[in-house]
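So the number in this note's numbering is just where the residue sits in the sequence shown, counting from 1, plus 74.
Ideal Cβ positions, reconstructed from N, Cα and C, are used throughout, including at glycine.
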Amino acid sequence: WYSMAFTKPLVQMNRIAHLMATGQYQVRTELNRYDEFGQLGHALDNLAVSLAAAEKESAQLEQMRKDFVANVSHEFRTPLTIIQGSIEALMDGTAATQEDQTHRKQAILAETNGLNRLVGDLLELSRLESGKIKTTYETVWLNELLDDVTRSLYTLANRASIQIIKDVAHDLPPFVTDYGRFRQLFLIFLDNAIRHTPAHTTVTIQAVITDHNLIVHIDDEGAGIPEADLSHVWERFYTVEKSREFREGVQKGTGLGLPIARQLAQLLNGHVQLERLPEKGTRAVIHIPVNANLVLGNPELDQTPRI
75 WYSMAFTKPL VQMNRIAHLM ATGQYQVRTE LNRYDEFGQL GHALDNLAVS LAAAEKESAQ
135 LEQMRKDFVA NVSHEFRTPL TIIQGSIEAL MDGTAATQED QTHRKQAILA ETNGLNRLVG
195 DLLELSRLES GKIKTTYETV WLNELLDDVT RSLYTLANRA SIQIIKDVAH DLPPFVTDYG
255 RFRQLFLIFL DNAIRHTPAH TTVTIQAVIT DHNLIVHIDD EGAGIPEADL SHVWERFYTV
315 EKSREFREGV QKGTGLGLPI ARQLAQLLNG HVQLERLPEK GTRAVIHIPV NANLVLGNPE
375 LDQTPRI
């Protein structure tokens, strides 16, 4: 009897270990003992649980990898097909007229620009997700940063007669953040707002600093994002152009802008979200913690406004 008391749990744990070695992580020792055998059995059970969770995570990562490859392949296939068809038409004489040749060349240029943008977005998202991007903190005046961003987007907005209204107090205090990354975050949301709102409308920017937190609202007057899509817009390559596109000639997005924006916000210790406005349009909310007091007490920070 004394020998069985030792050998039975050892045999049971040996059997469970062999089953776990074959990938059967749902097995358990079921040893209800409080001695060293019970502790060892409990450790094996915990190991089985951990291995099952790791296997599930591995399967999810593998599925994400497959989806990523499929999405990238799909995003590249269409523009490459258009480029190939256009070049073949130019070479074999199918594009006989000057007008048709010009149209084909414009198509090649447009698709090439789209591919460059896609590759750039993929590289940027990869760098952000790797966590290897360094932040450079400096003093930032929000009004000056917004003027910089709106100048960059002037041509895009002016082409559709869209007015960018900045409703931000002139005496908003400076704060400390990464200027380049913060500017990139604004560019993504303002670019989205301009591209997905009808011509002759407005995009409004509102911002306040409260309790050392910067809260920014960017509102457009488009149709808004459907409720069913709100939880998916942060996924890579997910686009809702079919429901949001209004104007002809608006280049299709890569579906990577919002995932990049989320990574940028997390890099700055903040978060972002999208809301469907009650009547029409979409609101992007940027919430970034800042510390305006650091500007006054840290002589090492450059406090000279950018020109």
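Three-state secondary structure assigned by DSSP to Asn88: The answer is helix: DSSP assigns Asn88 an H, G or I state.
Cβ neighbour criterion (16 or more within 10 Å) applied to Asn88: Result: exposed.
Which residues DSSP lists as bridging Ile236, in chain order: Answer is none; Ile236 lacks a bridge partner.
Residue closest to Glu218, alpha-carbon to alpha-carbon, out of Thr209, Lys240, Ile207, Ala231: Of the candidates Thr209, Lys240, Ile207, Ala231, the one whose C-alpha sits nearest the C-alpha of Glu218 is Lys240.
Simplified DSSP state of Thr224, which is helix, strand or coil: The answer is helix: DSSP assigns Thr224 an H, G or I state.
Candidates Gly167, Ser200, Ala117, of which the one nearest Arg336 by Cα: Residue Ser200 is the option with its Cα nearest to Arg336.
Which listed residue (Glu301, Val214, Arg178, Asn190) has its alpha carbon closest to that of Asp414: The chain is shown only over 75 to 381; residue 414 falls outside these bounds and no answer can be derived.
Backbone CA spacing between His291 and Leu230 [nearest angstrom]: When rounded, the distance between both Cα atoms is 20 Å.
Burial state of Val307, where buried means 16 or more other Cβ atoms lie within 10 Å: It counts as buried.
Nearest-angstrom Cα separation, counted from Arg102 out to Glu131: Their Cα atoms are separated by approximately 20 Å.
Beta-carbon proximity list for Lys140, same chain, < 7 Å, skipping 5 on both sides: There are no such residues.
Extent of the continuous beta strand (DSSP E) to which Ala358 belongs: The continuous beta strand (DSSP E) containing Ala358 extends over residues 356 to 363.
Interface flag, His274 vs chain B, CB-CB below 7 Å: This model lacks chain B altogether; it includes just one protein chain.
Simplified DSSP state of Asn287, which is helix, strand or coil: In the structure shown, Asn287 sits in a strand (DSSP, three-state: E or B).
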